[in-house]
Amino acid sequence: IEETAYQNDKLAMLGKISASIAHEIRNPLTAIRGFIQLLRPHLLHMGKDEYARIILMEIDRANDIISEFLNSSKPSAPQMSVINVSSLLKEVVLLSESEALMNGCQITLQDREAPLYISVDSKQIKQVILNIIKNAMDAIEDLGHNHAGMIHIHVEQVSTNVEIHICDNGKGMDHDILARLFDPFFTTKKTGTGLGLSVSYRIIKNHGGFIYVNSDLGEGTHFKITLPHIK
Ligand code: ADP
137 IEETAYQNDK LAMLGKISAS IAHEIRNPLT AIRGFIQLLR PHLLHMGKDE YARIILMEID
197 RANDIISEFL NSSKPSAPQM SVINVSSLLK EVVLLSESEA LMNGCQITLQ DREAPLYISV
257 DSKQIKQVIL NIIKNAMDAI EDLGHNHAGM IHIHVEQVST NVEIHICDNG KGMDHDILAR
317 LFDPFFTTKK TGTGLGLSVS YRIIKNHGGF IYVNSDLGEG THFKITLPHI K
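Under UniProt numbering, the letters of the sequence shown match residues 137 to 367, in that order.
Have a look at this one:
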């Protein structure tokens, strides 16, 4: 019970801090968005409209993430839709691939013939997967450039659930880290926020699912997300 009270205090604090920094981050984002739109005709002229499109899309995603943090205090209704889990994963892998390449790590997504459907807020679930992939890349990066980093993603149906598995061969975690992984503000990184997994945990719980973690120090980490399967 004490643990839960502690966690709730921290979540309340998270809400307040998010609210106060949100404006500070949103203002420059709004300025960047405006100037990119002004530049758009020039980019189009150079045949680079795709860049403008990606920048705008990513700014909007950053804004969505800020809203998501703000929702820690007052949650808004999620935008639910029935989607094929593999399509969602493909999009996320595509988004992460350039960064993965820069870190010298390879992301593989196992192909699946039969579609598996879940009813989710796609933006929220994408954010969860991105958080986990980002952490995996950090854990791989810490092993240095000679390490051949691998992130493997696959999905399967297990009774009434869809399971998303994300495995990395990064530095792994010891018991102390594993025990605090989902605590708001828990981070082992110099510039970490320690928010990624606490927010991800809440999102998955809100979807009626669960996140499991297995990790071996020096070997790697295995995240399993379960979500209800829609027939
Ligand atoms: P942040 O990434 O800002 O530190 P997170 O909540 O996403 O916040 O993660 C909390 C901590 O969990 C990280 O600082 C890291 O120590 C640990 N962690 C998460 N994922 C992994 C992973 N795949 N491999 C090793 N450690 C991890």
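The beta-carbon is built from N, C-alpha and C at its ideal position, and this holds for glycine as well.
- Pairing LYS307 with LEU353 gives a Cβ-Cβ distance under 9 Å.
- In terms of side-chain proximity, the C-beta atom of SER255 is found no nearer than 8 Å to any non-hydrogen atom of the ligand ADP.
- MET286 is bridged by DSSP to GLN242.
- Residue environment analysis places LEU363 among the buried positions, since at least 16 neighbouring C-beta atoms fall within 10 angstroms of its C-beta.
- Annotated three-state conformation of PRO177 is helix, per DSSP.
- Annotation: the continuous beta strand (DSSP E) that includes ASP304 extends over 297-304.
- Shown here for ILE268: same chain residues with a beta carbon closer than 6 Å to its own, the five before and five after excluded, namely ILE302, PHE359 in chain order.
- Under a 10 Å Cβ-count criterion, ILE347 is classified as buried, with 16 or more other Cβ atoms of the shown protein chains found around its own Cβ.
- With respect to the C-alpha of GLU355, the residue from SER223, LEU279, LEU225, LEU252 having the closest C-alpha is LEU279.
- For VAL256 against MET193, the beta-carbon gap comes to about 19 Å, at or over 8 Å, which does not count as contact.
- In the DSSP assignment, MET216 forms a beta bridge with ASP257.
- Between the beta-carbon of GLU235 and that of MET273 there is about 7 Å, and that keeps the pair under the 8 Å contact cut.
- The C-beta separation of PRO251 from ASN297 comes to about 16 Å, leaving the pair out of contact by the 8 Å criterion.
- In the DSSP assignment, SER351 forms a beta bridge with THR357.
- The beta carbons of SER222 and VAL291 sit about 6 Å from each other, so the pair counts as a contact at 8 Å.
- Around the C-beta of GLU160, fewer than 16 other C-beta atoms lie within 10 Å, and the residue is accordingly described as exposed.
- DSSP places ALA315 in the uninterrupted alpha helix (DSSP H) bounded by 311-316.
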